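Structure record follows, encoded as structure tokens.
Protein chains: 2
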Amino acid sequence: MPRTQTPLSLEYILLGFLNESPIHGYDLYKKLRNFEGISLIWNIKQSQLYALLDKLEDVGLLTSKIVPGEIHLMRKEYQITPIGRQTFLKWVISPVPHGRDMRQEFLAKLYFAQISGTEISNKLIEEQTRLCGEWLSSLQASFSKTTKEQYYERIIYQYRISQVKAMMEWLAYCQDEIQNQFSKNVGG
Amino acid sequence: MPRTQTPLSLEYILLGFLNESPIHGYDLYKKLRNFEGISLIWNIKQSQLYALLDKLEDVGLLTSKIVPGEIHLMRKEYQITPIGRQTFLKWVISPVPHGRDMRQEFLAKLYFAQISGTEISNKLIEEQTRLCGEWLSSLQASFSKTTKEQYYERIIYQYRISQVKAMMEWLAYCQDEIQNQFSKNVGG
DNA sequence: TATGAATACTCAATTATTGAGTATTCATAA
DNA sequence: TTATGAATACTCAATAATTGAGTATTCATA
Numbered sequence: 001m002p003r004t005q006t007p008l009s010l011e012y013i014l015l016g017f018l019n020e021s022p023i024h025g026y027d028l029y030k031k032l033r034n035f036e037g038i039s040l041i042w043n044i045k046q047s048q049l050y051a052l053l054d055k056l057e058d059v060g061l062l063t064s065k066i067v068p069g070e071i072h073l074m075r076k077e078y079q080i081t082p083i084g085r086q087t088f089l090k091w092v093i094s095p096v097p098h099g100r101d102m103r104q105e106f107l108a109k110l111y112f113a114q115i116s117g118t119e120i121s122n123k124l125i126e127e128q129t130r131l132c133g134e135w136l137s138s139l140q141a142s143f144s145k146t147t148k149e150q151y152y153e154r155i156i157y158q159y160r161i162s163q164v165k166a167m168m169e170w171l172a173y174c175q176d177e178i179q180n181q182f183s184k185n186v187g188g
Numbered sequence: 001m002p003r004t005q006t007p008l009s010l011e012y013i014l015l016g017f018l019n020e021s022p023i024h025g026y027d028l029y030k031k032l033r034n035f036e037g038i039s040l041i042w043n044i045k046q047s048q049l050y051a052l053l054d055k056l057e058d059v060g061l062l063t064s065k066i067v068p069g070e071i072h073l074m075r076k077e078y079q080i081t082p083i084g085r086q087t088f089l090k091w092v093i094s095p096v097p098h099g100r101d102m103r104q105e106f107l108a109k110l111y112f113a114q115i116s117g118t119e120i121s122n123k124l125i126e127e128q129t130r131l132c133g134e135w136l137s138s139l140q141a142s143f144s145k146t147t148k149e150q151y152y153e154r155i156i157y158q159y160r161i162s163q164v165k166a167m168m169e170w171l172a173y174c175q176d177e178i179q180n181q182f183s184k185n186v187g188g
């Protein structure tokens with residue numbers, strides 16, 4: 001059985017929007033394309049969206065029903081199932097296991113975490129910072145094991161080390177920003 | 001015609017090794033798996049390798065011939081074609097257009113550039129640094145266009161800005177390292 | 001003489017992706 | 001009134017990518 005199913009984070013983003021309220025394909029498409037910060041980190045083709053929604057329904061994370069729309073007769077409205085909700089919530093609070101997933105997946109998690117409030121986003125940021133710290137130690141250990149001759153390998157490790165350090169500084173900045181935003185909303 | 005062919009950088013890595021000398025699939029596989037710094041940045045499945053070699057042959061970047069091996073009767077040896085060489089050389093000296101391609105594709109380019117000597121690698125690093133500078137300006141411009149309310153968007157831009165800044169510092173470090181390595185080899 | 005490792009490659013199954021389509025309704029203006 | 005185009009809402013067939021699991025031979029060694 002080649003090509004075993006890879007759970008893409010894009011799927012979780014769809015679940016995330018469906019977690020807020022039932023929605024049908026075309027509205028979700030517009031939401032993802034136009035507004036919402038998510039459009040900064042992910043682009044989706046319309047046909048891909050419908051394919052993913054079908055897939056999520058197949059595995060039981062969504063259900064759908066045909067509702068009579070105001071304009072059109074047929075609108076397929078999707079709703080999240082309890083399992084879908086559970087799957088999504090678990091995803092949101094889990095830090096990403098690899099640095100390469102920060103760029104899109106972590107930012108997507110943070111979007112939903114930040115909507116849910118400071119406790120959730122703080123928790124996520126703290127957990128992710130801890131993991132980043134582990135990556136850093138591991139990279140520094142690998143770096144120190146290299147010999148002078150392996151200078152290409154050393155360059156690679158230095159690249160990763162510098163990226164992870166930048167991530168950690170940014171995570172700290174992030175927590176402050178979200179905290180500030182929150183206290184402003186409460187105070188004002 | 002859906003799914004138009006995306007030229008993956010992995011293909012160029014194969015061309016890069018074939019640019020050094022003709023080689024057959026299994027040897028190339030071992031090279032990519034075991035030694036060579038490339039194994040730090042890319043993993044390849046055996047079946048994927050053979051599929052890619054076939055594809056590169058189909059588009060005329062490689063040719064193959066069956067040679068009688070010492071151990072086995074059949075060995076399919078691949079050679080790079082003039083067009084393949086040209087394609088590869090053009091790839092090596094071109095900086096990557098997006099930050100997301102630094103992690104794997106740029107590091108791969110740098111591997112081959114650094115083998116070719118300091119002039120090539122210096123050129124690549126300089127061009128890439130220039131491009132990074134452009135990304136940075138563009139990101140800073142986008143950031144300054146956001147309002148206080150768009151704090152999620154601001155966080156995203158800050159993430160990218162911090163990553164690009166780290167890249168630029170690393171590129172400078174890189175150039176020094178390669179230079180040092182070079183002068184050591186000449187001096188010693 | 002059998003066991004396993006290394007050599008060298010093949011293939012069918014499956015998922016992922018997308019260009020291009022369909023069909024309806026609505027607004028606008030010539 | 002009748003075209004024109006935009007928006008709504010989805011569908012599908014074609015192609016590309018990926019990979020688990022094979023095949024078949026030779027070699028070492030116990």
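In order, the protein sequence lines correspond to chains A and B.
For the first sequence, position 76 (counting from the first letter as 1) is numbered 76 according to my numbering, and the numbering increases by one without interruption.
For the second sequence, position 25 (counting from the first letter as 1) is numbered 25 according to my numbering, and the numbering increases by one without interruption.
Glycine residues also receive a C-beta, built at the ideal position from the N, C-alpha and C atoms.
Here the structure is a predicted model, which is why all the values come from computation and not from measurement.
field: Sequence-distant residues of its chain with Cβ nearer than 8 Å to arginine 154 of chain B (five each side left out)
entry: Phe143, Thr146
Beta-bridge pairing of leucine 171 of chain B - partner residues as DSSP gives them: BP columns for leucine 171 of chain B are empty, so no partner.
query: With a cut-off of 9 Å, does the C-beta of phenylalanine 17 of chain B fall near any C-beta of chain A?
result: no
message: Checking the sheet assignment: what are the DSSP bridge partners for threonine 63 of chain B?
response: B:Gln79
query: Using 9 Å as the limit for Cβ to Cβ distance, is serine 144 of chain A near chain B?
result: no
Euclidean distance between Cα positions of tyrosine 151 of chain A and glutamate 177 of chain B: 8 Å
task: Could you work out which residues of chain B lie near glutamate 169 of chain A, taking near to mean beta carbons separated by less than 7 Å?
output: Ser162
task: Count the other CB atoms, across all protein chains shown, that sit within 10 Å of the CB of phenylalanine 112 of chain A; report buried if there are 16 or more and exposed otherwise.
output: buried
message: Give me, in chain order, the residues of the same chain whose beta-carbon lies closer than 7 Å to that of serine 9 of chain A; leave out the 5 immediate sequence neighbours on both sides.
response: Gln104, Glu105, Ala108
field: One or two residues paired with histidine 24 of chain B in a DSSP bridge
entry: B:Glu77
- request: Check whether the Cβ of glycine 37 of chain B lies closer than 9 Å to any Cβ atom in chain A.
  value: yes
message: Counting beta carbon pairs with one atom in the segment 154 to 167 of chain A and one in the segment 132 to 141 of chain B, are three or more of them shorter than 8 Å?
response: no
- prompt: If tyrosine 173 of chain B and phenylalanine 88 of chain B are in contact, beta carbons under 8 Å, what's the gap, nearest whole angstrom?
  reply: With a Cβ gap of about 27 Å, tyrosine 173 of chain B and phenylalanine 88 of chain B do not count as contacting.
query: Does the beta carbon of leucine 14 of chain B come closer than 9 Å to any beta carbon on chain A?
result: no
- prompt: What residue from A:Pro22, A:Arg130, A:Gln79 has the CA that sits closest to serine 94 of chain A's CA?
  reply: A:Arg130
query: So with Cβ pairs under 9 Å, would you call glycine 188 of chain B a contact of chain A?
result: Confidence at glycine 188 of chain B is low in this model, with a pLDDT of 46, below 50, so its placement is unreliable and no value can be given for it.
task: Ignore the nearest five residues each way along the sequence and tell me which others in lysine 65 of chain B's own chain have a CB closer than 7 Å to its CB.
output: Glu77
- prompt: According to a CB-to-CB cut-off of less than 9 Å, which residues of the segment 41 to 57 of chain A neighbour chain B?
  reply: Ile41, Ser47
- request: Tell whether a beta-carbon distance below 9 Å holds between leucine 14 of chain A and leucine 49 of chain A.
  value: yes
task: For lysine 165 of chain A, return the contacting residues in chain B, with the cut-off set at a CB-CB distance below 9 Å.
output: Ala166
query: Taking buried to mean at least 16 other C-beta atoms within 10 Å of its own C-beta, is isoleucine 41 of chain A buried or exposed?
result: buried
task: Measuring alpha carbon to alpha carbon, tell me which of A:Asp101, A:Lys148, A:Gln179, A:Lys45 ends up nearest arginine 3 of chain B.
output: A:Lys45
query: If the cut is a Cβ gap below 7 Å, which residues of chain A does leucine 107 of chain B touch?
result: Ile156, Tyr159
field: Cβ-based neighbour list, glycine 188 of chain B, same chain, cut-off 6 Å, excluding 5 preceding and 5 following
entry: Note on glycine 188 of chain B: pLDDT 46, under 50, position unreliable in the model; no value is reported.
- request: Starting from glutamine 181 of chain A, find everything on chain B with Cβ-Cβ shorter than 7 Å and list it in chain order.
  value: Tyr151
query: Between the C-alpha atoms of tyrosine 29 of chain A and glutamine 79 of chain A, what's the straight-line distance to the nearest angstrom?
result: 15 Å
field: Minimum Cβ-Cβ distance from tyrosine 78 of chain B to chain A less than 9 Å
entry: no
- prompt: What residues of chain B sit near arginine 103 of chain A, judged by a beta carbon separation below 7 Å?
  reply: Arg100
message: Let's test the definition: count the other Cβ atoms within 10 Å of the Cβ of glutamate 137 of chain B and tell me whether it reaches 16, buried, or not, exposed.
response: Residue identity check: residue 137 of chain B is serine in the sequence provided, not glutamate. Label assigned to serine 137 of chain B: exposed.
- prompt: Nearest to lysine 184 of chain B by CA position, among A:Lys148, A:Ser183, A:Gln175, is which residue?
  reply: A:Lys148
query: From what residue to what residue does the alpha helix (DSSP H) around glycine 133 of chain A run?
result: 118 to 145
query: Taking Cβ positions only, does isoleucine 178 of chain A come closer than 9 Å to chain B?
result: yes
task: Output yes or no for whether 9 Å exceeds the beta carbon distance between glutamate 126 of chain A and glutamine 181 of chain A.
output: no
message: What residue range does the alpha helix (DSSP H) around leucine 8 of chain A cover?
response: Where leucine 8 of chain A is concerned, there is no enclosing alpha helix (DSSP H), given that its DSSP letter is neither H nor E.
message: For proline 97 of chain B, which residues in the same chain have their Cβ closer than 8 Å to its Cβ, ignoring the five residues on either side in sequence?
response: Leu131
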